[in-house]
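One structure below.
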Amino acid sequence: MRTGIEVDEARRLVLEGAEPLPAEVVATADARGRVLAAALQATRTIPPAACSAMDGYALRTDDLASATRSAPRRLALAFEVPAGGRAPRPLRPGEAARIFTGAALPEGADSVVMQEDAEGEGAEVAFFGPAARGEHVRAAGEDVRAGEVVLAAGCRLGAAQLGVLAALGKSQVRVHRRPRVAILSGGDELVEPDEDVSGGRIVASNAYALAAQCAEAGATTLNLGIARDTPEELARCLAAGQDADVLVSSAGVSVGDHDHVRPVLQGLGCRLVFWGVEMKPGYPITFGRFEGGRGPRVFGLPGNPVSAMVTFELFVRPLLLRLAGHSVLTRPRVRAVLAETLRKRAGRVHFVRVTLARDGERLVARSTGNQSSGVLRSMALAQGLLVFPAAAAELAAGTLADVQVLDPDVLAAPDPINAADGRSR
Ligand code: AMP
Ligand code: MG
9 MRTGIEVDEA RRLVLEGAEP LPAEVVATAD ARGRVLAAAL QATRTIPPAA CSAMDGYALR
69 TDDLASATRS APRRLALAFE VPAGGRAPRP LRPGEAARIF TGAALPEGAD SVVMQEDAEG
129 EGAEVAFFGP AARGEHVRAA GEDVRAGEVV LAAGCRLGAA QLGVLAALGK SQVRVHRRPR
189 VAILSGGDEL VEPDEDVSGG RIVASNAYAL AAQCAEAGAT TLNLGIARDT PEELARCLAA
249 GQDADVLVSS AGVSVGDHDH VRPVLQGLGC RLVFWGVEMK PGYPITFGRF EGGRGPRVFG
309 LPGNPVSAMV TFELFVRPLL LRLAGHSVLT RPRVRAVLAE TLRKRAGRVH FVRVTLARDG
369 ERLVARSTGN QSSGVLRSMA LAQGLLVFPA AAAELAAGTL ADVQVLDPDV LAAPDPINAA
429 DGRSR
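For the sequence shown, position 353 (counting from the first letter as 1) is numbered 361 according to our numbering, and the numbering increases by one without interruption.
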């Protein structure tokens, strides 16, 4: 087991050998946020034939060559093509067809004049100027051609991608399976939110925050509940998470008399890959794997709520994204100007909870206040994690620092429709 390693090395070890989970078929309607397991090749052409982009008249461009306002050209109204309909016959010279948006262009027609620019008069239609060939016509295949790869493997399915799938007739889609995460809280002092907290008891809030972090990363969760601080109960609860892809336990990874997580994991056959990452908060984070690829990857996160959330953010989230098939595993990073001077002891990298405010073109980072790893409010207020480099002891006000953006709303351009303080309500 490695100990006292750097953040980047720990992340490398967590991701080592991690591959996207096998594919499964899901309804396209339920596939938002999932990742395509195989490239999507179009089996149809869209639009299948040239069609009108306007309500108006389909005609032969050459017929209007001499049309002017003072000497309009009158064409015989031959037939009507409704949206989704087809022309009964080809359009002959000297004819126009009434046509609606999305309707297939009659054979022989090569442009559409919008109805606002024409005047129907009984069996004839008057046009007051020439038309440009191809005007208001959507070419066959201008969106998609049969045989083309439209969505690449690994593509994340958002609204537009789901629309494309539906347009191509795919009501089902092959995506990577979502990671399953089992979450365990450990500690004699822990209770559920609706239980009595007298006598020094503490709500096991980590299970809520971590489950939400899992969901945001696209994973499903199984809450294994609260394990008391005995090796037997911990072993029983940890064993209940064996079918998950990832097991996330919080607390009990330090060096106290009641910190049984590491020996119990080893007793279950888990090989501890590392314990202790040179960072604050979150130093005691532990990561292990079962030999031969069976069993979940296991995280023993520190119990302090901020440490649990920050270590999840840095180590668990990238793994979940990798398992789900995503290629980008990190948050957006910005450079922000420090509003105040920050100090720490040189040695470990600190992840400082900051708010981010826009000041013209710049983003200004300000500490959320008390940075103790027990102050969960510092996470609730945080819009980013500012990286205070290991070697530095001071970051002066006015200098630039890297910030991992937790809340993408901070990147929104100022707009009067947003609430004055810029935060979602
Ligand atoms: P430990 O790692 O067991 O020493 O726990 C460190 C601190 O985190 C203690 O104050 C615990 O009460 C607190 N803690 C442990 N587990 C949780 C949890 N699931 N939710 C909230 N706080 C916790
Ligand atoms: Mg404890």
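Glycine included, C-beta positions come from ideal geometry on N, C-alpha and C. On a predicted model such as this, the values are computed, not experimentally measured, just so you know.
- When rounded, the separation of the alpha-carbon atoms in residue 396 and residue 168 is 38 Å.
- Remark: the C-beta of residue 340 is outside contact range of the ligand AMP, defined as less than 8 Å to any heavy atom.
- The Cβ neighbour count for residue 173, taken over all protein chains shown within 10 Å, is at least 16; the residue is labelled buried.
- Distance from the Cα of residue 314 is smallest, within the candidate group 107, 205, 388, 70, for 388.
- In the assembly as shown, residue 419 is an exposed residue. Its beta-carbon has fewer than 16 other beta-carbons within 10 Å.
- Residue 184 is bridged by DSSP to 31.
- If you check the C-beta of residue 235 against the ligand AMP, you find no heavy atom less than 8 Å away.
- In this structure the segment 179 to 189 touches the segment 32 to 43; the number of beta carbon pairs closer than 8 Å is three or more.
- Considered as a whole, the segment 199 to 253 harbours 228 to 235 as its complete beta strand (DSSP E) runs of no fewer than 3 residues, in chain order.
- Taking the C-beta atoms as reference points, residue 234 is found nearer than 9 Å to residue 193.
- Excluding five sequence positions before and after residue 376, the CB atoms of its chain that fall closer than 7 Å to its own CB belong to 361, 362, 363, 386, 389, 390, given in chain order.
- In the structure shown, residue 337 adopts coil according to DSSP, grouped into three states.
- By the neighbour-count criterion, in which 16 or more other beta carbons inside 10 Å mark a residue as buried, residue 112 falls on the buried side.
- For residue 385, the uninterrupted alpha helix (DSSP H) segment begins and ends at 385 to 389.
- Residue 319: not part of any beta strand (DSSP E); member of the alpha helix (DSSP H) spanning 313 to 319, first to last residue.
- Taken in chain order, the unbroken stretches of alpha helix (DSSP H) that lie wholly in the segment 368 to 426 and span 4 residues or more are 385 to 389.
- In this structure, residue 211 has its beta carbon less than 8 Å from a heavy atom of the ligand AMP.
- Cβ contact annotation for residue 317 (same chain, cutoff 6 Å, sequence separation greater than five): 217, 387, in chain order.
- Closer than 8 Å to some heavy atom of the ligand MG: that does not describe the Cβ of residue 358.
- In the same chain as residue 319, and ignoring 5 residues on each side of it, the C-beta atoms closer than 6 Å to its own belong to 290, 293, 309, in chain order.
- By the criterion of at least three beta-carbon pairs nearer than 8 Å, the segment 40 to 58 is not in contact with the segment 194 to 213.
- Between residue 116 and residue 60, the CB-CB gap reaches or exceeds 9 Å.
- Distance from the C-beta of residue 203 to the nearest heavy atom of the ligand AMP is not below 8 Å.
- Under the three-state reduction of DSSP output, residue 36 falls in the helix class.
- The DSSP-derived three-state label of residue 18 is helix.
- Annotation for residue 308 indicates a beta carbon at 8 Å or more from all heavy atoms of the ligand MG.
- For residue 83, the enclosing beta strand (DSSP E) begins and ends at 81 to 89.
- Secondary structure at residue 108: coil, using DSSP grouped into helix, strand and coil.
- It is roughly 15 Å from the alpha-carbon of residue 220 to the alpha-carbon of residue 232.
- Annotated three-state conformation of residue 99 is coil, per DSSP.
- Of the residues 307, 77, 338, the one whose Cα lies closest to the Cα of residue 137 is 77.
- Following the DSSP letters along the chain, one finds residue 324 in no beta strand (DSSP E), marked with neither H nor E.
- The criterion of a C-beta distance shorter than 9 Å is satisfied by residue 228 and residue 189.
- In the DSSP assignment, residue 121 falls within the beta strand (DSSP E) that extends over 119 to 122.
- Contact between the segment 139 to 147 and the segment 117 to 131 is present: three or more C-beta pairs spanning the two stretches fall below 8 Å.
- Counting only runs of at least 4 residues, the segment 140 to 185 fully encloses the following alpha helix (DSSP H) elements, listed from N- to C-terminal order: 167 to 175.
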